[in-house]
Each structure stands twice: as C-alpha cells, then as structure tokens.
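When you read off a place in the sequence shown, starting at 1, and then add 312, the result is the number in the numbering used here.
A virtual CB, placed ideally from N, CA and C, is assigned to each residue, including glycine.
The structure displayed is predicted, hence computed values, not measured ones.
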Amino acid sequence: MEQHVLATAKETKQASLTESLQEACKKIAPLWPLENFVAVNPFLGFTGQTFERAAQQLSDTAGIRITLPLSFYRNKIREGKIKKADLLAAFQHKSLHEVDLEAFIRQLEATPDFPLPSPRVFTLADVASQVSSQDWVRFSVARISAWAASYFDNGQALWQAADSQLGAFESWKREAQIDLTPEISGLKGFRKMVRSLPDHPLHAAQAALDLLGVPDEGLPFYLHRLLLRVGGWAAHAARLDWDSELYGKKGGYMVEFLTVLLCWEACLLRSLPVRELNLSWMSAKKNLSEFTEDTEVARELSQSVLLQDAFELSIQRELFEKFQGTESMPSKPSQPTLAQAIFCIDVRSEVFRRNLEQADQRIETMGFAGFFAFPIQFVPLARGEGEAQCPVLIPTGPTVLEVTTDKASHEAAYKKRILHHQVSQVWRSFKSGAVTCFSFVSPLGISFLPKLFTDSFGITRPVPHPDQAGLKGLGSQQKGVCLEERSHGDLVVGIPVQTRIQLAKNALKAMSLTENFARFVLVVGHGSTTVNNPHATGLDCGACGGHTGEANAKVAAAVLNDRSVREGLTKESIAIPEDTIFLACLHDTTTDEVTIYNEWEVPSDKMAALEEVKVSLAKAGKAARAERALRMAIDTNQDKAVIARSKDWSQIRPEWGLAGCTAFVVAPRERTKGLDLGGKSFLHSYDWKKDRGFSILELIMTAPMVVTSWINLQYYGSTVDNKHFGSGNKTLHNVTAGLGVLEGHSGDLRVGLPFQSVHDGEKYQHEPARLSVVIEAPLDAMNDILAKHPAVRNLCDNGWIYLFAMDEQGKVAYRYIGDLQWECV
C-alpha cells in the first residue's frame, strides 16, 4: 500500500513537472530556418492575455520592451501626427474620461525617456555573473549555442560534433561529458556532474530543479526566463515541434531543450567555487517565491501603452478618411476588360496594382493569398525532395513535379543540374578542407579577381539565382509543372483530376471570381531578387512558405487551363469561357518586373492583345519603381538604381519588404480602387454577398488575417525591441548551421528581422502599430466566426488586432470592442 502511494505521488509529481515545462515552452514562438524564413508573431504565446498584461510580464521576466521610447510619441505629437482627439480617444478606451490633455502633454514634454526595463527574474547564471568576475551567462549561452549549432545543423557543417540521431538531451549529455571547455574556464568537476545526471530528460529536469531548489510559486517565471536567455535556439526547437504537431506527430524538442538549460544551471551551481553564490541564489529564489508587480514600472508601462494606442488611433483615422468618398467617386466610362490580374495580398502588391490600374483601365486587379489556394509540395527540377508551398498554418496537399516543356530538354536539364550539384559538392569540400583550402587560396585565388570586379560593379551576380543554378541556357519560361500522376523516386507526384477540380472550385470561389472572366487572367505570384542576403526568403512570399509564388502560380494556371477541369467546373456552375487563358506570372518585388511563364499557350491571334498587357505591366513597373525609389532616397537614374540593388552584394537594404504594414482590408476592389494606401495595406478581394454560409469569410479570418497579423507583429517586435525580437546589425551576421544567423562569432541564434529592415539609419521605416483589419461583412457573421475560433477571438479581444467593419456605403462604421460587442466609429 505504501509503495502504491509513493508511486502515485511520483507520477503526480512527474505529471506536474511535465505540465510546467510544456506551459513554459508554449510562450516561445517558432522560428523558421533561413531557407524559408517566414514571419512569425513573436508574442504568439501571449495572445491569451491582453497586450498590456503581456507587456508587463515580458518586462518583469526579461527586461523586454514592447513600445518605443517616449521621445518617439512626443515627436509625433509635435508633428501633429498624434492629435489631441487621438489622445482623448486613447484615454476613453481606458475608461479615463476626466483628463486634462494640456497638462498631460506638458508633463510628457518634461518627462525623459524611461530607462530600459531591467529583468526582475534571475537565473543561476545571472546570479553567478553578479558574484564572480566572469560573465557566466555569456559563457553558458556560447557553449549551448555551439552544441545546438552542431546538433540541429542543416547541412552547413562538414563534420558534426553532436550526434543528431539521438534525442536532444541525450546528445547534449554525451557531448558535455567530453567537453573540456567549462573546466578549463574554472568549473571544477563539471563533466562529472553532467555524468551523474539521470539519462531520462524528465528525470534529469526534476533532479536539476531539486538541486536548484526553485520554488513552485516562481517556477513559471524562472522557466520562461531561462528559455528567453537562449531564445533563438529555443524558437528553432519550437518550430520543429510545430511541424511535427501540424502533421499529427508528437513533438518533444522544446521540453528536452529546456531540460538541457536546467541541467546547465544545476551543473554550474555545483561546479562554481564561489562562496557568495549560494547566499545570493537563496535571495534570488526568495524574490521568485514572493514575486509581485513593480508599481512604478507598471505606471510607466501603462503610460507608454496609452501613447502607443494614441499613435495607432492616428493611423486608423488617416486610413478611414481615405474611404469616405469611395461610394460617390465619379464612375469612368466602362471599357471592355482586357485582363484580370490576381496578386498576392502582400503590401508591396498594393503599389504595383494601383499603378497597373492607372496604366491601363482595362485591367482589373484582385487580391488573394499568394499560394492561390493551391497548398502544394513542390519538387524542383532534378531534386529528390519537395518544398512546402503554402502557409505554415496549414499542412501541404498534393506533390507536384517541375518539368520542362519537352521531354528531350527535360532529360538534358535533369542531368545538367545533377552534374552541377555533384561538382558543387566536390568543389565545396575542396575549398573547405583542412589541407586543400591552402592550395585553393594560393594558386587559384587570383583567378577570382575578374569576377570580384564584375560582381562589385553589379555586372554579374556573385552567386547564381537559386532557381537557375545548374540550368544555364534554360529560360524560366521553358519550365512548367506536371499534373499527371506518376512516380518520382520514393514520391508519388501529380494531382488526380477530381482533386484538380475541387482545388480550382475552392480557389475561384474564395477569390469571388466565378463569372465575367476576361480574355487573360494573370495569376501573379511574387518573390524577390537579392544577393549576399541571409534573410532573402523573408522578402519572398509568406503564403508560399517563404518561397516565391512561381510554383503556385504555375500550378494554378495549369489546373485552370485544363479542359477536364473546366468541364468539371461547369457542373459546379462555374463556366470559364473557352478563349480565357490563365497566365502564370511572377512579380519581382525588388525590381518591380513581371515575368510571364506560359506565353507559349497563347494562340497567335491573341498575341497582339498579350503585347498590350505586357506594355501595361512594364509601365506599371516603371511607375512602381519611381514610387519606391523616393522611399529609398534615390533621386537620379531611378530605374537603373532600383534594379542594381538586386545584384549589389554590399546592399543591406535591397528593398523595404513589408516595412510599414499596418492595415488589412477585406472588401471588393471597388472600395480601395484609386486610393493611395502607400504600400502599407494588405488587400484581399471579398464580396460577402457571394459567400453563402460565410465559409470564405471564415477562411479569411482564420488564415490570411492571422498570417498578416504575424507579419505585422514580427515587424512590430523587431522595431520596439530588436535585441530580443530582431536579429541586430545585419553587417555582423554569420550564418550558422544553415538555419539562422549569429550576430558576430558566437552567442544565441538571432530571431526576427535585422535592424536595417526597419530603420534607414536616420528614422524608422517601420513605425510600429498593431494591425487594423477592415472587413466588409455583416457583424453577426464575424461574431459567429470569432465565437467559433477562440484563438482568433483572443487576438481581437486582447488587443493584438484591431477589427473594424465597413458598411454598404464603403465607410468604416463599426469598431470591435471585445466580448463580441461593437461600437460605432
């Protein structure tokens, strides 16, 4: 009986520990690798709390700032950007109605910027650094990072010190037992202490906590602080768990990684011969057990959040003013539609779409998520594995193989790319070898001088374009996709006809494009062209999993041009005219050039009309480059300078990407057509009157709305606290493990965006503001969706997203205030 009670108590204790570890791990947002660097909401684990409450917790736990300094808001008030009405509204939203605004502004003018918040939760390494002459925090982070870079390596290293076939904890324990670095640095018996730890991760975590004596009351704060100390690698482990759970598997990397951090702390405590350490650690633990909110910090934080609210209200006011005249705008003489162009909802597409419609009034544009509702696994030519071409929120669908337009060229290109890959691997080994690298530099180094010269002046690219590597002489227009089912190595590729019909039906209905098709329908994906840029994929399409939208555009066009698909769609009451041609295109957001991939499908009698479309695309590109050149402070040779940035290996700001994104408008194009939204708004075409049952609205609010908030909050976090949520100075980056960057030669894996992506050296190019979502749809329909999806409702109820409703006159009429309630704007 006694043994049974003890066993039950032990199981209960383990279950409680597991729950505590998992709860701490949920607070870390995932980080995708550089090869598909997609935007992530860094506050993902806090959306169940209000914005201000999360700000307080992050400030207390790790000294993280969630707003800009007071001086930023003071300047906005002086400039007239934040008006008194905005401040008054911000006070009213906090239920503060009796406010002397003049006195508040005078006090603000006299108040210096608040100091950076200091963490109030301390780890053992923090305490050890305070009582000794050595920075044990930096040392422990460097050692953990060195192991993690080897263990998680994605093919960059020629030799891995850590065994990646083992579990994370077991791999670390084996490596730590033979690593002499800690003992050389003064940690006596460190390896012996590691060896004494239990082999099972959960048991080891419990042993470490028992040794450290962390009080139960402060355990959540302590574990969260520990993870934030090595937040980059923790975020990478979170992404591995995210992918596993997305496909129904069990994750476990995060808990094991947290166990590694706990064991490091315990071994440090046992190995560091400093008398004061135990006393200081006891004091730190007492503070943990009695942890309370600092009222002074809370007051300062509340004021900063109020000013942030006022700034965001000023942005909303300016946005809503643009919609006031949309219904009464004079209608222009109708002309036959030459083409319809479906762009990604990306804010950079807003600039190009506006200029394209101005260049040719016969072209209509629409906005839709850039994967075009084709969540494919795409296998590039001569590759053995596929790449997910869809938002990271959803699992992939069919696998599609890239082919060339004829069998002979396909075989030749296939062999050429395989040979190129093999030669590249040998060449890389030769350049990186311990002995051969010396032979490489001395006799062969001088031969690279001409290329260094041409690369430096932008005549050539420093590296081949990834999509064209090994395919010199084969134009991108000669590459297509194979929809037919077939075997490709261990994969089954292709899309069955019935699946094609269903995908096409879903896509067209979601686009509100089920009638009145033009002669040409352009499916325009987007990507960027840059060199020497580790974060290049962050400029590609987030909806395509951090890749360009080329593959999705090609698949969408191929499916929608398929005769059997069109016959199936006719039975679904979607009749595509026989002479309508879907064209797969790619918008390069760095150069604003558009490539059409399947021109060969256009009959000769339509080539003249296609040339007109191409002329309009070129005009729009030139106008868009001129507009973006002003933002990049280019005043001469704008076309040449903008294009040159895409090949300049010294360029730290090849384009501004999504910097400035603050709004997401979900409405018919008529509501935004002709409005200059400054490249700051995501635009999704949607007509609620065609959406029976509001299934499309539900899809928009649970996918694109969430994804755009992720993008918006990634830029927000990278701006307000680049140290914790960004990746620092781009010029200091070193790629590690093929996964991410270090700032310098050591330290933690960096998350988020480089500072250069949000700041131009003089001012912020991204001024942080939470996303304002404007949807033209009935309030009851939106309420039903919010009630059905708690995670989405949390974003709106807790102030991570501002939600507004547009009325049938095209004006923003209602503001969501939480708890499924709305108020008039």
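In chain order, what residues of the same chain lie with their CB nearer than 8 Å to the CB of Y1138, ignoring the 5 residues before and after it?
Because residue 1138 is not part of the residues shown, which for the chain are 313 to 1137, the question remains open.
Alpha helix (DSSP H) containing V659: first to last residue?
Here the alpha helix (DSSP H) through V659 covers V659 to A671.
Any idea which residues DSSP pairs N1046 with across the strands?
The partner list for N1046 (beta bridge, DSSP) reads L1054.
Rounded to a whole number of angstroms, what is the C-alpha to C-alpha distance between I706 and D767?
Answer to the nearest angstrom: the Cα atoms are 40 Å apart.
Where D891 and N873 are concerned, what is the direct C-alpha to C-alpha distance, given to the nearest angstrom?
Roughly 10 Å separates the two Cα atoms.
Can you tell me whether DSSP reads T1014 as helix, strand or coil?
In this structure, DSSP gives T1014 a helical state, which the three-state scheme calls helix.
Assigned secondary structure, V506 (DSSP; H/G/I helix, E/B strand, else coil)
Here V506 sits in helix by DSSP.
Using 8 Å as the limit for Cβ to Cβ distance, is G357 near chain D?
You won't find chain D in this structure, because it holds only one protein chain.
Would you list the residues sitting across from T1130 in a DSSP beta bridge?
Just to set this straight, residue 1130 is Gly in the shown sequence, not Thr. DSSP output for G1130 lists Q1133 as bridge partner(s).
Tell whether a beta-carbon distance below 8 Å holds between E1064 and Q1026.
Correcting the residue type first, residue 1064 is Gly in the shown sequence and not Glu. Yes, the pair counts as a contact, with Cβ atoms nearer than the cut-off.
Cα-Cα, which of P345, Q647, A546 and C575 is closest to D1060?
The residue among P345, Q647, A546 and C575 with its C-alpha nearest the C-alpha of D1060 is A546.
Beta-carbon contacts of D398 that lie in its chain and below 8 Å, excluding the five residues immediately before and after:
Closer than 8 Å at Cβ, skipping near neighbours: A622, F623, L625, S626 and R629.
Contact between the region 549-563 and the region 490-506 (3+ Cβ pairs under 8 Å):
Flag = no, the region 549-563 and the region 490-506 do not touch.
Does the structure place the region 1125-1137 close enough to the region 1029-1043 that three or more beta carbon pairs sit under 8 Å?
With a cut-off of 8 Å, the region 1125-1137 and the region 1029-1043 do not count as touching, because too few Cβ pairs lie within range.
So, F690 versus E699, is the Cβ gap smaller than 8 Å?
Yes; because the gap between Cβ atoms is below 8 Å, this pair is in contact.
In terms of residues, what are the limits of the alpha helix (DSSP H) holding L815?
In this chain, the alpha helix (DSSP H) harbouring L815 covers V809 to A822.
DSSP puts Q701 in a beta bridge; with which residues?
Q701 is bridged to I688.
Kindly indicate which residue of T324, Q673, I657 and L898 has the alpha-carbon position closest to the one of P648.
Relative to P648, the option among T324, Q673, I657 and L898 whose CA is nearest is Q673.
Three or more C-beta pairs closer than 8 Å, one from the region 992-1006 and one from the region 1074-1092: is that the case here?
Yes, the region 992-1006 is in contact with the region 1074-1092.
Got a sec, what are the start and stop residues for the beta strand (DSSP E) R798 sits in?
Start and end: R798 to H800.
I'd like to know if the region 794-801 and the region 843-856 are in contact, where contact means that at least 3 CB-CB pairs between them fall below 8 Å.
Segments in contact, no.
May I have the straight-line CA-CA distance separating R386 from Q810, to the nearest angstrom?
Distance between the alpha carbons of R386 and Q810 is about 60 Å.
Tell me, please, whether the region 339-349 touches the region 573-581 by the rule of three or more beta-carbon pairs shorter than 8 Å.
No, they do not touch.
Check this for me: beta carbons of L987 and K561, under 8 Å apart or not?
The Cβ atoms of L987 and K561 do not sit closer than 8 Å to each other.
Just the C-alpha distance for H1101 and Y1114, rounded to the nearest angstrom, thanks.
Distance between the alpha carbons of H1101 and Y1114: 16 Å.
Of the residues D425, F481 and A920, the one placed nearest L613, counting alpha carbons only
Out of D425, F481 and A920, D425 has the C-alpha closest to the C-alpha of L613.
Quick check: what's the CA-CA separation for G357 versus A460?
When rounded, the distance between both Cα atoms is 23 Å.
Just to confirm my understanding: we take F464, look at its own chain, exclude 5 residues before and 5 after, and list those with CB closer than 7 Å. What are they?
Counting only Cβ-Cβ distances below 7 Å, and skipping sequence neighbours, we find H548, A1049 and L1051.
In this structure, what does DSSP give as the bridge partners for T711?
DSSP lists Q689 as partners of T711.
Quick one: residues in its chain with C-beta nearer than 8 Å to the C-beta of V1104, no 5 flanking neighbours on either side, listed in chain order?
Closer than 8 Å at Cβ, skipping near neighbours: M1013, T1014, M1017, V1018, I1097 and L1098.
Counted within 10 angstroms of its Cβ, other Cβ atoms place P687 as buried (16 or more) or exposed:
Buried: at least 16 other Cβ atoms inside 10 Å.
On the DSSP bridge list, what partners appear for S1084?
Looking at the DSSP assignment, S1084 forms a beta bridge with A975 and Y1114.
Inter-residue spacing [alpha-carbon to alpha-carbon] between E588 and M594
Straight-line Cα distance between these residues: approximately 10 Å.
6 Å CB neighbourhood of A953 in its chain, flanking five on each side removed:
Sequence-distant partners of A953 (beyond 5 residues in either direction) whose C-beta falls short of 6 Å from its own C-beta, in its chain, are I946.
Proximal residues to Y559 (C-beta, below 7 Å), its chain only, five neighbours per side dropped
Once the five neighbours on either side are set aside, the close Cβ partners of Y559 are P707.
Stretch-stretch touch, CB-based, cutoff 8 Å, three pairs: the region 669-684 with the region 801-810:
Contact between the region 669-684 and the region 801-810 is absent, because fewer than three Cβ pairs lie under 8 Å.
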